[in-house]
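Student: When we follow my numbering, the leftmost residue of the sequence shown carries the number 808, and every step to the right adds one.
Where is the CB? At the ideal position from N, CA and C, for every residue including glycine.
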Amino acid sequence: MAEMEKLREMIINGNGKGIADHVVKLVDRGQTPGSILNDALIPAMDIVGDLYQKGEYFLPELLISARAMQRALDVIKPKLAEQGVKNVGKVVIGTVQGDLHDLGKNLVNMTLEGAGFEVIDLGVDVPPDKFVAAIKEHDPMVVGMSALITTTMPAMKETIEAITSAGLRSKVKIMVGGAPITSEYAVEIGADYYGPDSTDGKNYARDVATGKV
Ligand code: B12
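(1) Mind checking whether the beta-carbon of Leu887 lies closer than 8 Å to any heavy atom of the ligand B12?
(2) Heavy atom of the ligand B12 less than 8 Å from the Cβ of Tyr1011, yes or no?
(3) Check whether the Cβ of Thr959 lies closer than 8 Å to any heavy atom of the ligand B12, and answer yes or no.
(4) If we call anything under 9 Å between Cβ atoms a contact, is Val903 one with Ala962?
(5) On the CB-based measure, 16 or more other CB atoms within 10 Å of its CB, does Gly984 come out buried or exposed?
(6) On a CA-only basis, which of Gly841, Thr959 and Val830 is nearest Ser1005? Give me that one, please.
(7) Would you tell me roughly how many angstroms separate the C-alpha atoms of Ile942 and Leu975, rounded to the nearest one?
(8) Measuring alpha carbon to alpha carbon, tell me which of Tyr864, Leu910, Tyr1001 and Ile854 ends up nearest Gln877.
(9) For Ala875, does the count of other Cβ atoms within 10 angstroms reach 16, so buried, or fall short, so exposed?
(10) Ignoring anything shorter than 4 residues, give me the alpha helix (DSSP H) runs that lie fully in the stretch 849-904, in order along the chain.
(11) Give me the Cα-Cα distance between Ala1016 and Gly896, rounded to the nearest whole angstrom.
(12) What is the rounded straight-line gap between the Cα of Arg1013 and the Cα of Ala922?
(13) Please confirm whether any heavy atom of the ligand B12 lies closer than 8 Å to the CB of Met852.
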């Protein structure tokens, strides 16, 4: 569909102006939030990542594409939430210390909220003690952590260690995600689950909430 192709191009070219209206138009024409995400926004961001890796894009281009993507996400967020049933359970989530990437985490949040979870979003560059304090304050069933850079992956391990030292490890299930993370790494650092994408994260949280895991 040409209109979906246009959305992909808007992300790749960092054309944030008019992107919200374009997404609204696509929704009005019957595109589901899921297909807008999976067929346009995510593949477009992958292309942006490839261009950066090849040295054809630099940081400013990355940033304006990311801003355009966030604007598009803001439009579909309420649509995803509309599908949900409220109060399935609580999830505390954040991007670990040193890491500022949050598009993936925001997507996980939206998917969880769409499935009826209450999400406490700690934001980006979250130090271990902030995760610990949030667990004490909110008593979530699941804690989610995101990391996008190989050098910030160890912060996940440090956060899990802090949660364990605070005596809270058995109270929560911990899921981790982000492009460089693997299930092997999740096992190595003592997380309960690695979610390759936001739907997996939501499914895992649902399994925890329904007592399946
Ligand atoms: C956009 C982007 C940025 C933006 C971030 C904007 C923002 N608000 O997030 C900006 C421009 C700020 C940025 C900065 C930097 N970036 Co950058 N960035 C990217 C890029 C192109 C896309 C990431 C993205 O948003 N993808 C789209 C989302 C939807 O995908 P995702 O995050 O993977 O999330 C999905 C899954 O992983 C999963 N998921 C994610 N988190 C979680 C958590 C849980 C619990 C679960 C279950 C699932 C889950 O679900 C999501 C959806 O399905 C990637 C390249 C790439 N292809 O990944 C580089 C990339 C991650 N960046 C990179 C680098 C190097 C940097 C900088 C260091 C650059 C610099 N020289 O300053 C800085 C670091 C700043 C910092 N301290 O964090 C490298 C990392 C390399 C490495 N060694 O690991 C990458 C891989 C680019 C590259 N190929 O070199 N970046």
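Tutor: Reading from the atomic positions:
(1) no
(2) yes
(3) Of the heavy atoms belonging to the ligand B12, at least one sits nearer than 8 Å to the Cβ of Thr959.
(4) yes
(5) Gly984 should be labelled buried.
(6) The shortest Cα separation from Ser1005 among Gly841, Thr959 and Val830 belongs to Gly841.
(7) Approximately 8 Å, taken between the alpha carbons.
(8) Leu910
(9) buried
(10) 849-860 and 866-889
(11) 6 Å
(12) 8 Å
(13) yes
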